[in-house]
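J.: Input: one structure, supplied below.
In my numbering, the protein residues as written are 18 to 586.
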């Protein structure tokens with residue numbers, strides 16, 4: 018008798034209360050990398066596991082949760098070999114990784130909490146084919162979870178542990194070998210000119226890589242499309258309309274399964290429940306057809322180049338295909354603007370995650386900026402208006418200027434800090450002078466003994482010239498560094514304070530400036546602006562780094578030194 022379908026909230030209360038503490042779940046997994054194996058059939062696994070439960074008198078939980086289990090039987094269609102390579106290190110000496118199988122993750126979580134007595138699985142390779150998931154199973158066993166395997170029995174001895182190790186090792190090894198064989202087989206076939214992928218529209222995919230026959234309905238229409246476009250009198254849109262009039266459709270295909278369908282109970286014929294649909298061709302569909310060398314009898318080889326195929330016959334001659342490519346290039350016109358629209362902040366602000374540019378566009382009299390971020394970009398702020406970004410930049414300008422308290426603190430500590438830095442600078446100058454003396458001695462020796470060094474074979478003429486140039490270059494660098502350090506520290510402090518005062522004045526002008534003037538000020542101060550959510554990140558140009566670096570804790574970890582002064586050490 019099947020369990021009553023209650024709301025998930027009510028079911029969770031029953032689970033947490035211990036209602037199923039003495040019951041078992043059944044776990045079935047259909048692998049995506051071993052389709053020919055009988056053990057891979059969900060139907061076979063169900064029958065064998067339920068028969069085993071009946072024989073061993075193991076009660077199966079009468080539990081039905083949509084997207085997880087039906088009458089205590091959990092089935093999912095997922096590879097047990099693939100695993101997530103990312104690791105997360107916690108603060109309490111924990112290391113975490115992501116379990117790729119959603120139902121297996123939920124099952125392991127509930128078993129670890131003691132909600133069920135155990136689980137019944139056909140064999141080890143239905144539970145896992147990678148080391149990380151192996152560890153999960155073993156941890157559960159050590160916690161007292163009763164994990165039963167229909168086709169195997171593991172003693173609670175060292176021999177049983179060894180048996181388990183061997184089964185886990187062979188399960189993973191089998192997947193590795195299968196993957197390797199498929200890869201090598203496909204590579205070998207590509208070398209021969211065999212099509213190892215799905216043929217495009219106009220050919221039939223009958224499950225045989227060695228033979229891709231013509232589609233008797235679509236192939237003649239595709240040939241006519243090439244001939245018509247080669248005349249130069251037809252556009253792609255016209256060809257699409259003409260093809261639709263001829264009854265041309267794209268091959269039937271099934272839509273991608275939704276998350277609910279992915280988590281639903283898996284049957285061997287689950288894909289048959291999703292109807293395949295033939296859609297009419299679009300403008301870009303015709304373009305892909307005309308641009309595909311497959312129709313001229315080519316396939317993609319191992320190095321990504323097109324090679325002659327032995328799997329299919331060409332629909333069009335190579336000469337006709339080349340004529341169509343010339344016509345496509347001729348009609349491929351790019352839009353070029355003589356004068357760019359005068360929109361402020363063009364190509365200045367980027368997305369901080371995917372680095373895409375925010376492009377300006379006016380809407381209802383307001384200037385907006387939008388970014389076409391990548392699909393995996395987690396930045397949700399895909400657009401903002403001009404006032405938002407200029408307001409945030411204004412806050413940054415104010416932030417870069419010294420506050421009155423910072424100026425007082427700077428004056429109070431300048432004398433002491435400059436004395437410390439001058440001492441350090443003096444020590445550095447002494448070290449530099451010793452290096453310069455050593456380089457001059459090496460140069461003098463090299464010049465005085467050139468002939469001897471050449472005759473003795475210590476240097477070749479080329480090596481001697483190179484060594485002389487190296488010594489001269491190092492000496493020049495030391496001299497330049499010494500000259501750069503001669504600038505007085507007190508003058509540096511004065512210049513930076515003046516720069517801070519100028520920024521304060523600039524902000525007043527910036528506040529009342531028009532959009533173009535604001536853009537000019539931003540370009541003077543900042544080298545990069547990037548937005549993540551509502552946080553504006555920035556990099557200032559070289560002249561303003563002294564003001565920016567005082568916010569960096571590396572420059573003043575204890576507060577005992579003026580961080581601004583460390584820029585000259």
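For each residue, glycine too, the CB sits at the ideal point set by N, CA and C.
From residue 73 to residue 164, what does the alpha carbon distance come to, in whole angstroms?
T.: Near 13 Å, if we compare the C-alpha coordinates of residue 164 and residue 73.
J.: Once DSSP output is grouped into helix, strand and coil, what is the label at residue 387?
T.: Correct three-state label for residue 387: strand.
J.: In angstroms, rounded to a whole number, what distance separates the CA positions of residue 207 and residue 317?
T.: Cα to Cα, the separation comes out at about 7 Å.
J.: Thinking just about the alpha-carbon of each residue, which of 446, 416, 548 and 455 is nearest to the one in residue 523?
T.: Checking every option, the nearest Cα to that of residue 523 belongs to 416.
J.: Confirm, please, whether the CB-CB distance from residue 120 to residue 39 is below 8 Å.
T.: No, Cβ-Cβ distance for residue 39 and residue 120 is not below 8 Å.
J.: What does the alpha-carbon distance come out to for the pair residue 81 and residue 35?
T.: Cα-Cα distance, rounded: 16 Å.
J.: Count the other CB atoms within 10 Å of the CB of residue 461; is the residue buried (16 or more) or exposed (fewer)?
T.: Its Cβ having fewer than 16 others within 10 Å, residue 461 is exposed.
J.: Expressed to the nearest angstrom, what Euclidean distance is found between the alpha-carbon atoms of residue 293 and residue 168?
T.: Distance between the alpha carbons of residue 293 and residue 168: 38 Å.
J.: Quick test of your reading: residue 77 and residue 70, contact by CB under 8 Å. State the CB separation rounded to the nearest angstrom.
T.: The Cβ separation is near 6 Å, so the contact holds.
J.: So, using beta-carbon positions, are residue 558 and residue 542 closer together than 8 Å?
T.: In contact: residue 558 and residue 542 (Cβ atoms closer than 8 Å).
J.: Between which two residues does the beta strand (DSSP E) containing residue 467 stretch?
T.: Careful: residue 467 lies outside any beta strand (DSSP E), inside the alpha helix (DSSP H) at 467-472.
J.: Is it buried or exposed, residue 66, if we count other Cβ atoms within 10 angstroms and call 16 or more buried?
T.: Per the 10 Å Cβ criterion, buried.
J.: Considering Cα atoms alone, identify which of 263, 63, 313 and 224 is closest to residue 297.
T.: Comparing Cα-Cα distances from residue 297 to each of 263, 63, 313 and 224, the minimum goes to 263.
J.: How far does the beta strand (DSSP E) with residue 166 in it extend, from its first residue to its last?
T.: Run containing residue 166: 163-166, per the beta strand (DSSP E) assignment.
J.: Could you name the residues that DSSP lists as bridge partners for residue 41?
T.: Bridge partners of residue 41: 77 and 135.
J.: Going by C-alpha distance, which of 27, 422 and 310 is nearest residue 216?
T.: It is 310 whose Cα lies nearest to the Cα of residue 216.
J.: Is it a yes or a no for the region 234-246 touching the region 328-337, going by three-plus beta-carbon pairs under 8 Å?
T.: They touch, by the three-pair rule.
J.: Decide if residue 93 is buried, meaning its Cβ has at least 16 other Cβ atoms within 10 Å, or exposed.
T.: Answer is buried; the Cβ neighbour count reaches 16.
J.: Report all residues from its chain with a CB closer than 7 Å to the CB of residue 287; omit the five preceding and five following residues, and keep chain order.
T.: With a pLDDT of only 48 at residue 287, under 50, the local geometry of the prediction cannot be trusted, and the value read off the model is given with reservation. Around residue 287: no qualifying Cβ.
J.: Mark residue 395 as exposed unless 16 or more other C-beta atoms lie within 10 angstroms of its C-beta, in which case mark it buried.
T.: The residue is exposed, with fewer than 16 neighbouring Cβ atoms inside 10 Å.
J.: Kindly indicate the opening and closing residues of the beta strand (DSSP E) around residue 17.
T.: There is simply no residue 17 to check, as the chain begins at 18 and stops at 586 in what is shown.
J.: With 16 as the cutoff for other CB atoms within 10 Å, does residue 289 come out buried or exposed?
T.: The predicted model places residue 289 with a pLDDT of 46, which falls under 50 and marks its position as unreliable, so this point remains unresolved.
J.: Buried or exposed: residue 536, going by 16 or more other Cβ atoms within 10 Å of its Cβ?
T.: Its Cβ being crowded by 16 or more others within 10 Å, residue 536 is buried.
J.: Kindly indicate which residue of 130, 455 and 398 has the alpha-carbon position closest to the one of residue 374.
T.: Of the candidates 130, 455 and 398, the one whose C-alpha sits nearest the C-alpha of residue 374 is 398.
J.: Starting from residue 368, follow its DSSP beta bridges and name the residues at the other end.
T.: Residue 368 pairs with 548.
J.: Throw me the rounded Cβ distance for the residue 386 and residue 406 pair, which I believe falls under 8 Å.
T.: Between residue 406 and residue 386 the Cβ distance is about 7 Å, and since that is below 8 Å, they are a contact.
J.: Should residue 14 go down as buried or exposed, given a rule of 16 or more other Cβ atoms within 10 Å for buried?
T.: Within the shown structure, residues of the chain are numbered from 18 to 586, placing residue 14 beyond reach of any answer.
J.: Apart from the five residues on each side of it in sequence, which residues of its chain come closer than 8 Å, Cβ to Cβ, to residue 226?
T.: These residues qualify, in order along the chain: 206, 211, 212, 213 and 328.
J.: Based on DSSP bridge pairs, tell me the residues matched to residue 82.
T.: Note: residue 82 sits in a beta bridge opposite 86.
J.: Below 8 Å between beta carbons: does that hold for residue 246 and residue 342?
T.: Against a cut-off of 8 Å, the Cβ pair of residue 342 and residue 246 comes out as no contact.
J.: Using C-beta distances below 8 Å, list every residue in its chain close to residue 314, excluding the 5 sequence neighbours before and after it, in chain order.
T.: Here the set comprises 325, 326, 329, 330, 331 and 335.
J.: Straight-line CA distance for residue 382 to residue 411?
T.: Answer to the nearest angstrom: the Cα atoms are 22 Å apart.
J.: Can you tell me whether residue 192 is buried or exposed? The criterion is at least 16 other CB atoms within 10 Å of its CB, across all chains shown.
T.: Buried: at least 16 other Cβ atoms inside 10 Å.
J.: Alpha carbon to alpha carbon, how far is residue 305 from residue 319? Give it in angstroms, no decimals.
T.: C-alpha separation (whole angstroms): 22 Å.
J.: Specify, as a first and last residue, the run of the beta strand (DSSP E) that residue 400 falls within.
T.: Segment 400-402, the beta strand (DSSP E) holding residue 400.
J.: How many angstroms separate the CA atom of residue 402 from the CA atom of residue 358?
T.: Each residue's Cα considered, the two are about 17 Å apart.
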